[in-house]
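Trainee:
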Amino acid sequence: MKYVDEYRSAEDAERLAERIAGLVEPGRHYKLMEVCGGHTHTIYKHGIEDLLPPEVELVHGPGCPVCVIPMGRQDDAIAIAERPDVIFTTFGDMMRVPATHGSLLDAKALGADVRMVYSPLDALRIARENPDRQVVFFAIGFETTTPSTAITLLRARAAGIINFSVFANHVTIVPAIKAILDSPDLRLDGFIGPGHVSTVIGVRPYRWIAQDHGKPVVVSGFEPLDILQGVYMILRQLREGRSEVENQYTRVVRDEGNLAALKAIGETMELRSTFEWRGLGFISQSALKLRPEFAEWDAEVRYEVPGVRVADPKACQCGEVLKGVIKPWQCKVFGTACTPDRPIGTCMVSSEGACAAYYNFGRLTRRRGREPAPA
Amino acid sequence: MAGARTEEEVLAAIERRRRRGHVKLMDAHITLSHGAGGKSSHTLIETLFLRELANPLLAPLADQAVLPATGDARLAFTTDASVVAPLFFPGGDIGELAVNGTVNDLAMAGARPRYLSVSFILEEGLPTADLQRVARSLAAAARAADVVVATGDTKVVERGKADGLYIATAGIGTVEHSLELSPARIRPGDRVLLSGTIGDHGMAIMVARGGLALEVDLESDTAPLHELVALLLAATDDVRCLRDPTRGGVATVLNELALAAEVGIVIDELTVPVRPEVTGACEILGIDPLYVANEGKLLAVVAPEAEQAALTALRSHPLGTSAAVIGEVREEPPGMVVLDTAFGGTRVVDMLAGDPLPRIC
Numbered sequence: 057m058k059y060v061d062e063y064r065s066a067e068d069a070e071r072l073a074e075r076i077a078g079l080v081e082p083g084r085h086y087k088l089m090e091v092c093g094g095h096t097h098t099i100y101k102h103g104i105e106d107l108l109p110p111e112v113e114l115v116h117g118p119g120c121p122v123c124v125i126p127m128g129r130q131d132d133a134i135a136i137a138e139r140p141d142v143i144f145t146t147f148g149d150m151m152r153v154p155a156t157h158g159s160l161l162d163a164k165a166l167g168a169d170v171r172m173v174y175s176p177l178d179a180l181r182i183a184r185e186n187p188d189r190q191v192v193f194f195a196i197g198f199e200t201t202t203p204s205t206a207i208t209l210l211r212a213r214a215a216g217i218i219n220f221s222v223f224a225n226h227v228t229i230v231p232a233i234k235a236i237l238d239s240p241d242l243r244l245d246g247f248i249g250p251g252h253v254s255t256v257i258g259v260r261p262y263r264w265i266a267q268d269h270g271k272p273v274v275v276s277g278f279e280p281l282d283i284l285q286g287v288y289m290i291l292r293q294l295r296e297g298r299s300e301v302e303n304q305y306t307r308v309v310r311d312e313g314n315l316a317a318l319k320a321i322g323e324t325m326e327l328r329s330t331f332e333w334r335g336l337g338f339i340s341q342s343a344l345k346l347r348p349e350f351a352e353w354d355a356e357v358r359y360e361v362p363g364v365r366v367a368d369p370k371a372c373q374c375g376e377v378l379k380g381v382i383k384p385w386q387c388k389v390f391g392t393a394c395t396p397d398r399p400i401g402t403c404m405v406s407s408e409g410a411c412a413a414y415y416n417f418g419r420l421t422r423r424r425g426r427e428p429a430p431a
Numbered sequence: 165m166a167g168a169r170t171e172e173e174v175l176a177a178i179e180r181r182r183r184r185g186h187v188k189l190m191d192a193h194i195t196l197s198h199g200a201g202g203k204s205s206h207t208l209i210e211t212l213f214l215r216e217l218a219n220p221l222l223a224p225l226a227d228q229a230v231l232p233a234t235g236d237a238r239l240a241f242t243t244d245a246s247v248v249a250p251l252f253f254p255g256g257d258i259g260e261l262a263v264n265g266t267v268n269d270l271a272m273a274g275a276r277p278r279y280l281s282v283s284f285i286l287e288e289g290l291p292t293a294d295l296q297r298v299a300r301s302l303a304a305a306a307r308a309a310d311v312v313v314a315t316g317d318t319k320v321v322e323r324g325k326a327d328g329l330y331i332a333t334a335g336i337g338t339v340e341h342s343l344e345l346s347p348a349r350i351r352p353g354d355r356v357l358l359s360g361t362i363g364d365h366g367m368a369i370m371v372a373r374g375g376l377a378l379e380v381d382l383e384s385d386t387a388p389l390h391e392l393v394a395l396l397l398a399a400t401d402d403v404r405c406l407r408d409p410t411r412g413g414v415a416t417v418l419n420e421l422a423l424a425a426e427v428g429i430v431i432d433e434l435t436v437p438v439r440p441e442v443t444g445a446c447e448i449l450g451i452d453p454l455y456v457a458n459e460g461k462l463l464a465v466v467a468p469e470a471e472q473a474a475l476t477a478l479r480s481h482p483l484g485t486s487a488a489v490i491g492e493v494r495e496e497p498p499g500m501v502v503l504d505t506a507f508g509g510t511r512v513v514d515m516l517a518g519d520p521l522p523r524i525c
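Chains as they are written, first to last, in my numbering: chain A, 57 to 431; chain B, 165 to 525.
Right, dumping it as structure tokens:
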């Protein structure tokens with residue numbers, strides 16, 4: 057398929073793999089974190105670890121939008137969805153996320169009007185078609201999905217559609233990376249930077265990682281060759297003693313990001329003082345809420361929700377997985393009590409979750425004993 | 165002319181008309197009375213179903229069909245239900261799908277499909293023209309597959325209790341050879357053959373359901389596979405097992421086989437035929453074509469020495485022109501399906517969790 061196959065060429069992959077192997081310094085172990093869940097998915101789906109030398113270990117990061125939503129917020133979402141006047145719209149992945157009493161899918165089975173959409177604009181269309189119902193969009197995601205929520209809000213206001221509101225759970229990637237770098241559990245050598253987030257925010261917001269922490273960052277695309285090349289560029293920096301922010305994904309990402317998208321976000325949303333991340337706890341200035349001017353479209357203003365902080369199930373180690381402290385298979389319940397069809401933790405639900413990716417695609421690696429033990 | 169006919173003449177005309185049967189179905193929509201068992205039901209059955217499906221077994225309109233004895237042949241028996249939405253989609257409709265699905269279930273046992281039963285569950289308000297179209301296409305599919313619709317039933321449920329119409333079928337076929345087609349016969353070294361491109365049906369339905377704003381030319385692959393099976397079984401005795409990868413796709417069927425036979429199945433991604441349009445739609449929607457439903461494809465596991473004969477037999481039929489050997493059976497890892505990716509890596513192919521494509525068949 058044009059525009060895709062050229063980024064999946066096995067011959068190019070082999071050549072890159074050889075060059076990566078050539079950069080490995082004897083006796084050194086490299087821990088690289090792919091920040092984004094989309095990368096994790098690609099890595100497992102295409103078996104990229106098979107092409108890397110055993111010295112290079114990929115650690116899965118926190119950039120899975122479904123995974124980081126805490127249980128309390130999921131409870132709030134279900135409380136809104138259960139209102140008889142509400143049509144609750146959501147991305148498919150969130151349907152199966154377990155909350156305190158079942159998932160959105162369970163709520164739907166019991167009568168809640170929950171509908172899967174591919175875009176917030178679909179939710180707005182449903183609102184237009186159902187003027188006598190209240191349509192709520194469950195907005196999740198990093199800077200990748202935030203602009204589409206922002207633009208939908210602007211359109212709702214322009215068209216005067218008032219039976220539409222947004223339950224905002226948008227988060228920002230940089231504070232999460234900071235939390236991981238500040239965590240004492242983990243020693244990382246470099247970051248495969250998020251590609252889609254960077255199309256919006258550009259590459260400058262990562263400079264402090266390279267400058268203050270001395271870790272190379274290479275913003276990378278999502279095709280398998282992109283990721284291999286990202287690994288190559290990080291290793292080259294390490295070999296040359298550099299730590300910089302480099303852009304592998306130049307065909308999409310501009311250094312300054314997407315100014316129109318940033319403007320739309322700025323017009324409609326503002327930083328929350330703090331927000332709870334699943335497994336990572338409260339991180340200050342790490343999430344967005346609607347601006348007061350958009351209170352009319354803010355589901356948190358419109359509906360009373362429990363708003364209770366709910367602790368994760370004791371057995372669940374999503375937090376450690378999200379921080380890259382443990383591998384999915386090292387979680388106590390991985391693959392036994394927690395599986396893709398009966399998940400306990402969010403990381404097992406989303407296709408971008410490290411546990412789901414590893415369970416669905418990667419179990420072989422472990423069988424071969426190639427998965428190195430964590431530090 | 166009023167008063168020109170005598171009372172006797174009028175009564176005689178009514179009686180003639182009664183005996184001639186109901187000539188025309190005048191109702192534009194299905195109503196509850198069409199399921200009540202009275203005159204409306206009879207009119208519907210005689211003027212619509214019987215006209216399309218007429219055959220000597222169905223014609224008496226009894227509550228059962230008495231089938232001729234089949235000699236020494238073993239019987240294959242299956243049941244199936246079709247609940248697809250939308251009822252009409254590019255490449256087919258629910259009527260054709262109901263026949264082909266049942267025919268294929270029989271064919272996978274190596275049976276020659278012979279008789280079907282068809283039960284229609286109709287929703288009040290269904291346009292009669294839609295039902296006519298479905299019945300006509302069901303009849304055409306039955307003729308094409310050389311099966312006889314021997315008996316049937318019609319029910320009508322209230323508006324909102326069904327999605328237009330559902331079709332429940334049962335099928336009987338005769339097994340006219342002594343082969344045991346079963347996963348238990350799968351051995352390490354066996355080859356896995358696929359009769360053609362994957363994902364066509366599931367993606368065609370997904371696009372036809374609308375709401376995705378995707379403009380792709382995709383058609384369902386719904387087709388009866390019994391001739392393809394007959395050619396394959398005539399070409400070699402070393403077929404271990406046949407399956408049609410419908411819901412859950414190729415990945416799910418291979419997992420079932422790997423678990424049942426306690427073997428590993430290794431698939432080479434580059435050899436699996438997928439139309440570029442299907443690959444494209446799957447990429448955009450984040451779906452793996454290995455999990456997408458097919459309605460006119462089969463997977464065959466054959467002994468290694470039968471590989472070439474089997475492939476040639478499949479390719480000799482119009483439904484098997486792009487047949488390919490997609491993988492082989494190994495001892496390790498038992499119960500698992502492994503994919504050698506086009507990129508040069510390896511990954512597990514597990515069963516599908518959840519359902520990305522509701523009501524596709």
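Note that the Cβ used here is the ideal one computed from N, Cα and C, for glycine as well. Since the model is a prediction, treat every value here as computed from it, not as a measurement.
Could you check what DSSP says for residue 374 of chain A in three-state terms: helix, strand or coil?
Mentor: The residue you call residue 374 of chain A lines up with position 318 of the first sequence. Residue 374 of chain A: helix per DSSP, three-state reduction.
Trainee: Assuming residue 418 of chain A and residue 511 of chain B are in contact, meaning their beta carbons sit under 8 Å apart, how far apart are those beta carbons, in whole angstroms?
Mentor: For the purposes of this step, residue 418 of chain A is taken as residue 362 along the first sequence, with counting starting at 1. For the purposes of this step, residue 511 of chain B is taken as residue 347 along the second sequence, with counting starting at 1. Correct: roughly 7 Å between the Cβ atoms.
Trainee: Are any of the Cβ atoms in chain A nearer than 7 Å to that of residue 439 of chain B?
Mentor: For this step, residue 439 of chain B is matched to residue 275 along the second sequence. So no, residue 439 of chain B is outside the interface.
Trainee: Please list the terminal residues of the continuous alpha helix (DSSP H) segment that includes residue 411 of chain A.
Mentor: Within the first sequence, residue 411 of chain A is the residue found at index 355, counting from 1. 410-413 is the extent of the alpha helix (DSSP H) around residue 411 of chain A.
Trainee: Taking C-beta pairs closer than 9 Å, name the residues in chain B that residue 114 of chain A reaches, listed in chain order.
Mentor: On the first sequence, position 58 is the one that residue 114 of chain A refers to. Here the premise fails: no neighbours, minimum Cβ distance about 12 Å.
Trainee: Quick one: which unbroken alpha helix (DSSP H) runs of 4-plus residues sit fully inside the region 442-487 of chain B? Chain order, please.
Mentor: Whole alpha helix (DSSP H) segments, 4+ residues: 471-479.
Trainee: In chain order, what residues of the region 438-461 of chain B put their CB closer than 7 Å to some CB of chain A?
Mentor: Residues passing the 7 Å Cβ filter: 440, 443, 444, 447, 450.
Trainee: Compute the Euclidean distance between the alpha carbons of residue 378 of chain A and residue 147 of chain A, then round it to the nearest angstrom.
Mentor: If you number the first sequence from 1, residue 378 of chain A lands on position 322. If you number the first sequence from 1, residue 147 of chain A lands on position 91. The straight-line gap from Cα to Cα measures roughly 21 Å.
Trainee: Answer yes if the region 321-328 of chain B comes into contact with the region 267-286 of chain B, meaning at least three C-beta pairs across the two stretches below 8 Å, and no otherwise.
Mentor: Yes: at least three Cβ pairs fall under 8 Å.
Trainee: Let me know if residue 188 of chain B comes out buried or exposed under the rule of 16 or more other beta-carbons within 10 Å of its beta-carbon.
Mentor: As a first step, residue 188 of chain B is located in the second sequence; it is residue number 24 there, counting from the start. Looking at its Cβ environment, which holds fewer than 16 other Cβ atoms inside 10 Å, residue 188 of chain B is exposed.
Trainee: What is the DSSP secondary structure of residue 164 of chain B, reduced to helix, strand or coil?
Mentor: A query on residue 164 of chain B cannot be resolved here, the shown segment of chain B reaching from 165 to 525 and no further.
Trainee: Which one of B/183, B/302, B/232 has the shortest CA to CA distance from residue 278 of chain B?
Mentor: Counting from 1 along the second sequence, the entry for residue 278 of chain B is found at position 114. Answer by Cα proximity: B/232.
Trainee: Does the CB of residue 511 of chain B have a neighbour CB from chain A at under 7 Å?
Mentor: Start at 1 with the first residue of the second sequence, and residue 511 of chain B comes out as number 347. Residue 511 of chain B counts as touching chain A.
Trainee: Does the structure place the region 126-134 of chain A close enough to the region 146-165 of chain A that three or more beta carbon pairs sit under 8 Å?
Mentor: The region 146-165 of chain A vs the region 126-134 of chain A: in contact.
Trainee: Taking C-beta pairs closer than 9 Å, name the residues in chain B that residue 420 of chain A reaches, listed in chain order.
Mentor: Taking the first sequence and counting its residues from 1, one reaches residue 420 of chain A at position 364. The contacting residues are 497, 500, 502, 510, 511, 512.
Trainee: Since residue 219 of chain B and residue 298 of chain B should fall inside the 8 Å C-beta cutoff, what is the C-beta to C-beta distance between them, to a whole number of angstroms?
Mentor: Against the second sequence, residue 219 of chain B aligns to sequence position 55. Against the second sequence, residue 298 of chain B aligns to sequence position 134. Not really, about 18 Å apart at Cβ, beyond 8 Å.
Trainee: Counting Cβ pairs closer than 8 Å, one from the region 233-246 of chain B and one from the region 323-340 of chain B, do we hit at least three?
Mentor: Touching, yes, given that three or more Cβ pairs across the two stretches are closer than 8 Å.
Trainee: Which residues of chain A have a Cβ atom closer than 7 Å to the Cβ of residue 506 of chain B, listed in chain order?
Mentor: Taking the second sequence and counting its residues from 1, one reaches residue 506 of chain B at position 342. Correct list: 64, 66.
Trainee: So, for residue 71 of chain A: in the same chain, excluding its five sequence neighbours on each side, which residues have a beta-carbon less than 8 Å away from its beta-carbon?
Mentor: The residue you call residue 71 of chain A lines up with position 15 of the first sequence. If we look at residue 71 of chain A and ignore the five residues flanking it on each side, it has no Cβ neighbours.
Trainee: Kindly list the residues whose CB is nearer than 6 Å to the CB of residue 514 of chain B, restricted to its own chain and excluding five residues on each side of it in sequence; keep chain order.
Mentor: Within the second sequence, residue 514 of chain B is the residue found at index 350, counting from 1. So the list is empty, once near-sequence residues are dropped.
Trainee: Classify residue 190 of chain B as buried or exposed, calling it buried when 16 or more other Cβ atoms lie within 10 Å of its own Cβ.
Mentor: Against the second sequence, residue 190 of chain B aligns to sequence position 26. Exposed.
Trainee: Going by other Cβ atoms of all chains shown within 10 Å of its Cβ, with 16 needed for buried, is residue 97 of chain A buried or exposed?
Mentor: One-based indexing of the first sequence puts residue 97 of chain A at position 41. Buried, since its Cβ has 16 or more Cβ neighbours within 10 Å.
Trainee: Quick one: measure Cβ to Cβ for residue 202 of chain A and residue 180 of chain A, integer angstroms, because I've assumed they're closer than 8 Å.
Mentor: By one-based count along the first sequence, residue 202 of chain A stands at place 146. By one-based count along the first sequence, residue 180 of chain A stands at place 124. Between residue 180 of chain A and residue 202 of chain A the Cβ distance is about 16 Å, and since that is not below 8 Å, they are no contact.
Trainee: Please state whether DSSP places residue 331 of chain B in a helix, a strand or coil.
Mentor: Counting from one through the second sequence, the residue named residue 331 of chain B turns up at place 167. The answer is strand: DSSP assigns residue 331 of chain B an E or B state.
Trainee: Would you call residue 177 of chain B buried or exposed, if buried means 16 or more other Cβ atoms sit within 10 Å of its Cβ?
Mentor: Position 13 of the second sequence, counted from the first residue, corresponds to residue 177 of chain B. Exposed, since its Cβ has fewer than 16 Cβ neighbours within 10 Å.
Trainee: Taking 7 Å as the CB-CB limit, is residue 280 of chain A close to chain B?
Mentor: Taking the first residue of the first sequence as 1, we reach residue 280 of chain A at position 224. Chain B contact via Cβ: present.
Trainee: Entirely within the region 65-107 of chain A and at least 3 residues each: give me those beta strand (DSSP E) ranges in chain order.
Mentor: Complete beta strand (DSSP E) runs here, min 3: 86-92.
Trainee: Going by the CB atoms, is the gap between residue 277 of chain A and residue 115 of chain A shorter than 7 Å?
Mentor: Numbered from 1 along the first sequence, position 59 holds the residue referred to as residue 115 of chain A. Numbered from 1 along the first sequence, position 221 holds the residue referred to as residue 277 of chain A. The answer is no: Cβ separation not under 7 Å.
Trainee: Short check: CB of residue 259 of chain B to CB of residue 290 of chain B, under 7 Å?
Mentor: Here residue 259 of chain B refers to the residue found at position 95 when the second sequence is read from its first residue. Here residue 290 of chain B refers to the residue found at position 126 when the second sequence is read from its first residue. No, the pair does not count as a contact, with Cβ atoms beyond the cut-off.
Trainee: Measure the Cβ-Cβ separation of residue 490 of chain B and residue 438 of chain B and say whether it is below 7 Å.
Mentor: For the purposes of this step, residue 490 of chain B is identified with residue 326 of the second sequence, where counting begins at 1. For the purposes of this step, residue 438 of chain B is identified with residue 274 of the second sequence, where counting begins at 1. Result no, Cβ atoms of residue 490 of chain B and residue 438 of chain B do not sit closer than 7 Å.
Trainee: Closer than 7 Å by beta-carbon distance: list the chain A residues that pair up with residue 517 of chain B, in chain order.
Mentor: Counted from its first residue, the second sequence places residue 517 of chain B at position 353. Those within 7 Å of residue 517 of chain B in chain A are 396, 397.
Trainee: Report the residue from B/168, B/367, B/429, B/465 whose alpha carbon sits nearest the alpha carbon of residue 452 of chain B.
Mentor: Sequence index remark: in the second sequence, residue 452 of chain B carries index 288 (1-based). Of the candidates B/168, B/367, B/429, B/465, the one whose C-alpha sits nearest the C-alpha of residue 452 of chain B is B/367.
Trainee: Exposed or buried, which one is residue 108 of chain B when buried takes at least 16 other CB atoms within 10 Å?
Mentor: Nothing can be reported for residue 108 of chain B, as the shown portion of chain B is limited to 165 through 525.
Trainee: Note the first and the last residue of the continuous alpha helix (DSSP H) segment covering residue 264 of chain A.
Mentor: Position 208 of the first sequence, counted from the start, is the residue given in the question as residue 264 of chain A. Its alpha helix (DSSP H) spans residues 263-269.
Trainee: For residue 208 of chain B, is the classification buried or exposed, using 16 other Cβ atoms within 10 angstroms of its Cβ as the cut-off for buried?
Mentor: Within the second sequence, numbered from 1, the residue matching residue 208 of chain B stands at position 44. Label assigned to residue 208 of chain B: buried.
Trainee: Who are the near neighbours of residue 343 of chain B in its chain, counting only those whose CB is closer than 8 Å to its CB and skipping five residues on each side?
Mentor: Here residue 343 of chain B is taken as the residue at index 179 of the second sequence, counted from 1. Within the same chain, residue 343 of chain B has close Cβ partners 274, 397, 401, 403.
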